[in-house]
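Enquirer: Supplied in structure tokens, the structure appears directly below.
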Amino acid sequence: MRKGMFALAAAGLLATGSMAACGDDSGTDPGSTGASGGAAIGKVGVILPDTSSSQRWGTDDPKFLKAAFDAAGVTVDIQNAQGDKSQFQTIADGMISSGVKVLMIVNLDSGTGKAVLDKAKAAGIATIDYDRLTLNGGADYYVSFDNVKVGELQGQGLVDCLTEDKAVKPVVAELNGSPTDNNATLFKQGYDSVLKPKYDDGTFVKGPDQSVPDWDNTQAGTIFEQMLTENRNIKGVLAANDGLGNAAISVLKKNKLNGKVPVTGQDATVQGLQNILAGDQCMTVYKAIKQEADAAAGLAVALAKGEKPTTATGTTKDPESGADVPSVLLTPKSITKATVKDVIADGFVTKEAICTAAFAAACTEAGIS
Ligand code: BGC
């Protein structure tokens, strides 16, 4: 499976146009366009959520999306709402009035996401939920990973690390993602399906279990500090992404417990991969963002050309509306110290970014040459 997935991701597209639009939070910048499309081809608007809950939104997604649209010769306006829901709506209004033919969003919550999708639809604009499903949102398409599978990999990763550590009845703390992100619900569904049987048969002990509003890393640190103060015996941490994991690791460091308490993650961020190499993080989940961006851009390009996309062969049931949303769902991959090199080989991160002086020895040890 790994080979197939990586081979797919390796079929690369080259970035050709300007990156000026990426990460632009200036609202309705009409200059933020990419390669010029033909007159008949519509423009695409993309709204990303923030630049603080994960490295991906400020760095990886805009880069890969821009490259995919540029390669197709379709004009794209990529903006980031910086975690601000009213800014999200302002950006959407600007894109809608600028005449985009397709709007792609990563919602900040389903309510504001739905409001934007409704407006777009009323203006005859095709809509795509990117990465996060907007509950009851009625988007035309959804592109993401198998998010329950992401959670299963996290749960299994923690089980593997605790087993390797020969932990006896370890207390496990859960630091969940934002309660307003449907993905966080799916991740939890996945890891709890692995952990609950362990709690039930007494192999593991269920410890504190809390959601982190807006995936806020600072709040995650505060929450985990509280958890550890109330339960010094925490022996494993299921953190839903690398940012939350790093927040827990920082607290563990202060208590000289880092490396002794396995912590999970997600997104294969530079920081997460370095935490893995340092022995402070047990695993991460790599989601090949390039594949996700290519899949979403592929749908958007077809729609911008007035064609019916043929690539959304799956469906996702919206649990609120009951609608079956045509979907592309990709496969995530578990990464441990031994496989950090696979993320580099896939071109998602560079050896230079990961193997800085402080990590040089660990990189050699992990077979990163
Ligand atoms: C994404 C994750 C990300 C998290 C926080 C989720 O919806 O799937 O990749 O870490 O949001 O931004």
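This note's numbering puts the first residue of the sequence shown at 1493, with every later residue one more than the last. The beta-carbon is built from N, C-alpha and C at its ideal position, and this holds for glycine as well.
#1: Going by beta-carbon coordinates alone, are Asp1759 and Asn1738 separated by less than 8 Å?
#2: Assess contact between the segment 1761-1776 and the segment 1809-1817, defined as three or more Cβ pairs (one per stretch) separated by less than 8 Å. Is contact present?
#3: Buried or exposed: where does Pro1554 fall if 16 or more other Cβ atoms within 10 Å of its Cβ makes it buried?
#4: Which residues mark the beginning and the end of the beta strand (DSSP E) in which Lys1825 is found?
#5: Would you say the segment 1593-1607 touches the segment 1790-1810, given that touching needs at least three Cβ pairs under 8 Å?
#6: Using the C-alpha atoms, what's the distance from Thr1807 back to Ile1597?
#7: Whose C-alpha, out of Gln1547, Gly1565, Ala1559, is nearest the C-alpha of Gln1574?
#8: Looking at the secondary structure, which residues open and close the beta strand (DSSP E) in which Leu1821 lies?
#9: Go through the segment 1685-1753 residue by residue and report every complete run of the alpha helix (DSSP H) that reaches 4 residues or more, in order.
#10: Confirm, please, whether the CB-CB distance from Thr1756 to Met1827 is below 8 Å.
#11: State the Cα-Cα distance for the pair Ser1589 and Gly1534, rounded to the nearest angstrom.
#12: In or out: Thr1714 buried (at least 16 other Cβ within 10 Å) or exposed?
#13: Enumerate, from N- to C-terminal direction, the unbroken alpha helix (DSSP H) stretches of 4 or more residues contained entirely within the segment 1562-1595.
#14: Is Gly1713 a contact residue of ligand 1, with contact defined as CB to any heavy atom under 7 Å?
#15: So, for Ser1703: in the same chain, excluding its five sequence neighbours on each side, which residues have a beta-carbon less than 6 Å away from its beta-carbon?
#16: Which residue or residues does DSSP assign as beta-bridge partners of Ser1636?
#17: Figure out for me which residue from Gly1537, Thr1551, Val1686 has the closest Cα to the Cα of Thr1543.
#18: Can you list, in chain order, the residues of its chain with a C-beta nearer than 6 Å to that of Tyr1691? Leave out the 5 residues immediately preceding and following it.
#19: Answer yes or no: the CB of Asn1767 versus the heavy atoms of ligand 1, is any distance below 7 Å?
#20: So if DSSP puts Lys1809 in a beta bridge, which residue, or which two residues, is it bridged to?
#21: Between Lys1779 and ligand 1, is there a pair consisting of the residue's CB and a ligand heavy atom that are separated by less than 7 Å?
#22: With burial defined as no fewer than 16 other Cβ atoms inside 10 Å of the residue's Cβ, what is the status of Arg1724: buried or exposed?
#23: Exposed or buried, Pro1705, counting other C-beta atoms within 10 Å across all chains shown (16 or more means buried)?
#24: Spatial neighbours of Ala1858 within its chain, please: CB distance less than 8 Å, with the 5 preceding and 5 following residues excluded, ordered by chain position.
#25: If we ignore side chains and look at the alpha-carbon of each, how far apart do Phe1679 and Leu1687 end up?
#26: According to DSSP, simplified to helix, strand and coil, what is Gly1496?
#27: Quick one: what's Leu1540 bridged to in DSSP?
#28: Need the endpoints of the alpha helix (DSSP H) that Leu1795 sits in, please.
#29: Do you know offhand how far Ser1685's Cα is from Gly1643's?
#30: Could you tell me the alpha carbon to alpha carbon distance between Thr1848 and Val1608, rounded to whole angstroms?
#31: Just to check my reading of the structure: Leu1822 and Ala1787 have Cβ atoms closer than 8 Å, yes? What is that Cβ distance to the nearest angstrom?
#32: I want to check one thing, is the minimum distance from the CB of Gly1603 to the heavy atoms of ligand 1 below 7 Å?
#33: Please tell me whether, using a cut-off of 7 Å, the distance from the CB of Gln1648 to the nearest non-hydrogen atom of ligand 1 is below it.
#34: To the nearest angstrom, how far is the alpha carbon of Ser1742 from that of Asn1750?
#35: Give every residue of the same chain whose Cβ lies closer than 7 Å to the Cβ of Lys1843, excluding the five residues on either side of it in the sequence, and list them in chain order.
Expert: So, from the data block:
#1: no
#2: no
#3: buried
#4: 1825-1827
#5: yes
#6: 18 Å
#7: Gln1547
#8: 1816-1822
#9: 1709-1722, 1734-1746
#10: Checking the sequence shown, residue 1827 turns out to be Ile, not Met. Not in contact: Ile1827 and Thr1756 (Cβ atoms no closer than 8 Å).
#11: 13 Å
#12: exposed
#13: 1577-1589
#14: no
#15: Asn1668, Pro1671
#16: Leu1821
#17: Thr1551
#18: Lys1698
#19: no
#20: Asp1816
#21: yes
#22: exposed
#23: exposed
#24: Leu1769, Lys1829, Ala1830, Val1832, Lys1833
#25: 12 Å
#26: Unreliable placement is indicated for Gly1496, whose pLDDT of 41 sits below 50; no coordinate value is reported for it.
#27: Asn1572
#28: 1781-1796
#29: 9 Å
#30: 42 Å
#31: 7 Å
#32: no
#33: no
#34: 8 Å
#35: Ile1836, Ile1860
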